[in-house]
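J.: Taking numbering that gives the first Met the number 0, the leading residue of the sequence shown gets 0, the next gets one more, and so forth.
Glycine included, C-beta positions come from ideal geometry on N, C-alpha and C.
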Amino acid sequence: MIESGFYPLPQPPVPNHLFKTRCSAVVKALRSEPPSKTPSLIATVFGDIVEAHGGEIWLGSLTRLLQPLGISERLARTAVYRLSQDGSLESIKSGRRSYYRLTPSARLRVDRFDRRIYYFKEPEWDGEWRLVFTGFRGISAAQRAEVRRRMDWLGYGIIAPNVYGHPNAPAEPLTQLMEELGITDKVSVMRARNHDRAHGLGSREMVRHCFDIERLEKAYAAFIQRYRPLALALQQEGGSSDMNPEHCLIIRVMLIHQYRRILLHDPWLPTPLLPAAWSGFAAQRLCAVIYRAVENASNAQIRAVGEDRNGAFRAVTPRHRGRFAGLNEILSRTS
Numbered sequence: 000m001i002e003s004g005f006y007p008l009p010q011p012p013v014p015n016h017l018f019k020t021r022c023s024a025v026v027k028a029l030r031s032e033p034p035s036k037t038p039s040l041i042a043t044v045f046g047d048i049v050e051a052h053g054g055e056i057w058l059g060s061l062t063r064l065l066q067p068l069g070i071s072e073r074l075a076r077t078a079v080y081r082l083s084q085d086g087s088l089e090s091i092k093s094g095r096r097s098y099y100r101l102t103p104s105a106r107l108r109v110d111r112f113d114r115r116i117y118y119f120k121e122p123e124w125d126g127e128w129r130l131v132f133t134g135f136r137g138i139s140a141a142q143r144a145e146v147r148r149r150m151d152w153l154g155y156g157i158i159a160p161n162v163y164g165h166p167n168a169p170a171e172p173l174t175q176l177m178e179e180l181g182i183t184d185k186v187s188v189m190r191a192r193n194h195d196r197a198h199g200l201g202s203r204e205m206v207r208h209c210f211d212i213e214r215l216e217k218a219y220a221a222f223i224q225r226y227r228p229l230a231l232a233l234q235q236e237g238g239s240s241d242m243n244p245e246h247c248l249i250i251r252v253m254l255i256h257q258y259r260r261i262l263l264h265d266p267w268l269p270t271p272l273l274p275a276a277w278s279g280f281a282a283q284r285l286c287a288v289i290y291r292a293v294e295n296a297s298n299a300q301i302r303a304v305g306e307d308r309n310g311a312f313r314a315v316t317p318r319h320r321g322r323f324a325g326l327n328e329i330l331s332r333t334s
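(1) By how many angstroms is the C-alpha of residue 91 removed from the C-alpha of residue 53?
(2) Please list, in chain order, all residues of the same chain as residue 188 whose beta carbon is under 6 angstroms from its beta carbon, the five residues on each side excluded.
(3) List the whole-angstrom C-beta distance separating residue 111 from residue 172, where the pair is believed to meet the contact cut-off of C-beta under 8 angstroms.
(4) Threshold first: 4 residues or longer. Then list the alpha helix (DSSP H) segments lying entirely within the region 84-165, N to C.
(5) Count the other CB atoms within 10 Å of the CB of residue 257; is the residue buried (16 or more) or exposed (fewer)?
(6) So, using beta-carbon positions, are residue 269 and residue 166 closer together than 8 angstroms?
(7) Check each candidate in 211, 184, 277 and 231 and name the one with the smallest Cα separation from residue 220.
(8) Under the three-state reduction of DSSP, which class applies to residue 55: helix, strand or coil?
(9) Is there at least one non-hydrogen atom of the ligand FAD closer than 7 angstroms to the beta-carbon of residue 41?
(10) Rounded to whole angstroms, what is the Cα-Cα separation between residue 42 and residue 60?
(11) Please report the distance separating the alpha-carbon of residue 83 from that of residue 308.
(12) Mind reading off the beta-carbon distance from residue 164 to residue 156? Whole number of angstroms is fine, and I expect it under 8 angstroms.
(13) Are residue 146 and residue 200 touching if we call contact CB-CB under 8 angstroms?
(14) Does the region 66-73 come within contact of the region 25-41, defined as at least 3 CB pairs closer than 8 angstroms?
(15) If we count the other Cβ atoms within 10 Å of its Cβ and call it buried at 16 or more, is residue 118 buried or exposed?
(16) Residue 312 and residue 321: beta carbons closer than 8 angstroms?
(17) Which partner residues of residue 189 appear in the DSSP bridge assignment?
(18) Comparing alpha-carbon positions, which option in 177, 209, 135 and 56 lies nearest residue 128?
(19) Out of curiosity, what's the CA-to-CA distance linking residue 0 and residue 283?
(20) Do you know how far the Cα of residue 19 is from the Cα of residue 13?
(21) Assign residue 178 to buried or exposed, taking buried as 16 or more other Cβ atoms, counted over all protein chains shown, within 10 Å of its Cβ.
(22) Out of 280, 272, 267 and 298, state which residue places its alpha-carbon closest to the alpha-carbon of residue 252.
(23) Taking the C-alpha atoms as reference points, what is the distance between residue 185 and residue 142?
(24) Quick one: Cα of residue 144 to Cα of residue 109, how far?
(25) Got a sec, what are the start and stop residues for the alpha helix (DSSP H) residue 48 sits in?
(26) Find out if the Cβ-Cβ distance for the pair residue 222, residue 261 is shorter than 8 angstroms.
(27) In the DSSP assignment, what residue or residues form a beta bridge with residue 306?
(28) Less than 6 angstroms between C-beta atoms, sequence neighbours within five positions excluded: which residues of the same chain meet that for residue 11?
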């Protein structure tokens, strides 16, 4: 476990051969691994990069952005087609060129995870649980399977067959899900509190039964182990003014991609219900510090390659300039 307050704020850029060397080593290791699933990686690129530069990208630019990540043009085009077919991307034709952007429903999902990844806000908890009952008549087997899959995305644990629970999940995403699946009048949603603490399971025990905390802990620990050398280099020498933009792009995309993949299965529980030495906090600090260290150099690479219908990518939109702006709070929250 990494100690609290371990990661420093990035220092003013100076020649930092240690950080540059370790960036190269991390990139080499990433390139030697089996490639990530292309559609999932493209979803990360849209969420982290394309949305930050206006929300639209020419397909040719997208394939060039993906090449350093080991994705061929053929694989990229096939994955974009699949994402279009499943309702995640929509295309705009302009002359002989095709441009792509997230669909409104996909953008809602991206915005929800943006808040989790880049903008720290500690979950509030009033001691109650939100319970969702889906075992009533009128829901087909296919709908039940989809409910189970999507409830996992929303962070709900399984309390009993067809009963899902979460201590502080917001109501809006759940309402949107029920409306989208057409089962609003076939489920029951309640708020509950454990009043008899002397008997039965308390909330911390329920968390251990309903959520796979051990698997999450292992995933966060592996993430920390992968990127910790970069954080150590930043601690010793600060940022670098002499960085490889392509390497910074690879590290940025894979850092966010791998962190996002863990967050997909992290229920984002209130701090009082988490283990005392929760690796998720250290992983968040690590992600924030490294992202800020490689952001400028990677943006130079992105703007050199990215195009939309107006031409070359513009600067990062005002809405996206504040990513990890709460870095001081992230670094100090468990110090």
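T.: Put simply:
(1) As a first step, residue 53 is located in the sequence shown; it is residue number 54 there, counting from the start. As a first step, residue 91 is located in the sequence shown; it is residue number 92 there, counting from the start. If you draw a straight line from the Cα of residue 53 to the Cα of residue 91, it is about 14 angstroms long.
(2) Your numbering for residue 188 matches position 189 in the sequence shown. Within the same chain, Cβ atoms closer than 6 angstroms to the Cβ of residue 188 are found at 131, the five residues on either side in sequence being excluded.
(3) Taking the sequence shown and counting its residues from 1, one reaches residue 111 at position 112. Taking the sequence shown and counting its residues from 1, one reaches residue 172 at position 173. About 7 angstroms; that satisfies the 8 angstroms criterion.
(4) 103-117 and 140-152
(5) To locate residue 257, count along the sequence shown from 1; it is residue 258. Classification of residue 257: buried, given that the 10 Å Cβ count is 16 or more.
(6) Taking the sequence shown and counting its residues from 1, the one referred to as residue 269 is at position 270. Taking the sequence shown and counting its residues from 1, the one referred to as residue 166 is at position 167. It is a contact, given that the beta carbons lie within the stated cut-off.
(7) Position 221 of the sequence shown, counting from 1, holds the residue named residue 220. Distances from the CA of residue 220 to each of 211, 184, 277 and 231 were compared; the closest alpha carbon is that of 277.
(8) Your numbering for residue 55 matches position 56 in the sequence shown. DSSP places residue 55 in coil when its eight states are reduced to three.
(9) No copy of the ligand FAD occurs in the structure displayed, which carries no ligand at all.
(10) Residue mapping note: residue 42 aligns to position 43 of the sequence shown, counting from 1. Residue mapping note: residue 60 aligns to position 61 of the sequence shown, counting from 1. When rounded, the distance between both Cα atoms is 15 angstroms.
(11) Sequence index remark: in the sequence shown, residue 83 carries index 84 (1-based). Sequence index remark: in the sequence shown, residue 308 carries index 309 (1-based). Roughly 19 angstroms separates the two Cα atoms.
(12) By one-based count along the sequence shown, residue 164 stands at place 165. By one-based count along the sequence shown, residue 156 stands at place 157. Correct: roughly 6 angstroms between the Cβ atoms.
(13) For this step, residue 146 is matched to residue 147 along the sequence shown. For this step, residue 200 is matched to residue 201 along the sequence shown. Cβ distance not < 8 angstroms, so residue 146 and residue 200 don't count as in contact.
(14) yes
(15) Here residue 118 refers to the residue found at position 119 of the sequence shown. With fewer than 16 Cβ atoms within 10 Å of its Cβ, residue 118 is classed as exposed.
(16) The residue you call residue 312 lines up with position 313 of the sequence shown. The residue you call residue 321 lines up with position 322 of the sequence shown. No, Cβ-Cβ distance for residue 312 and residue 321 is not below 8 angstroms.
(17) By one-based count along the sequence shown, residue 189 stands at place 190. BP columns for residue 189 point to 130.
(18) Within the sequence shown, the letter at position 129 stands for residue 128. Looking only at 177, 209, 135 and 56, the smallest Cα-Cα distance to residue 128 is reached by 209.
(19) Taking the sequence shown and counting its residues from 1, one reaches residue 0 at position 1. Taking the sequence shown and counting its residues from 1, one reaches residue 283 at position 284. Any reading at residue 0 must be qualified, since the residue scores a pLDDT of 39, below 50, and its modelled position is unreliable; the value itself is stated next. Taking the straight line joining both Cα atoms gives about 13 angstroms.
(20) One-based indexing of the sequence shown puts residue 13 at position 14. One-based indexing of the sequence shown puts residue 19 at position 20. The predicted model places residue 13 with a pLDDT of 44, which falls under 50 and marks its position as unreliable, so this point remains unresolved.
(21) In the sequence shown, counting from the first residue as 1, residue 178 sits at position 179. With fewer than 16 Cβ atoms within 10 Å of its Cβ, residue 178 is classed as exposed.
(22) As a first step, residue 252 must be located in the sequence shown, where it is residue number 253. Checking every option, the nearest Cα to that of residue 252 belongs to 298.
(23) Position 186 of the sequence shown holds residue 185. Position 143 of the sequence shown holds residue 142. Those two C-alpha atoms are separated by around 11 angstroms.
(24) Taking the first residue of the sequence shown as position 1, residue 144 is located at position 145. Taking the first residue of the sequence shown as position 1, residue 109 is located at position 110. Using only the alpha carbons, I get a separation of about 23 angstroms.
(25) On the sequence shown, residue 48 is found 49 positions in, with the first residue counted as 1. First-last for residue 48: undefined, no H or E at that position.
(26) Along the sequence shown, read from residue 1 onward, the residue named residue 222 stands at position 223. Along the sequence shown, read from residue 1 onward, the residue named residue 261 stands at position 262. Taking 8 angstroms as the Cβ cut-off, residue 222 and residue 261 qualify as a contacting pair.
(27) Working through the sequence shown from its first residue, we reach residue 306 at position 307. The partner list for residue 306 (beta bridge, DSSP) reads 311.
(28) For the purposes of this step, residue 11 is taken as the residue at position 12 of the sequence shown. Its pLDDT being 43, under 50, residue 11 is placed unreliably in this model, and the value from its coordinates should be taken loosely. Around residue 11: no qualifying Cβ.
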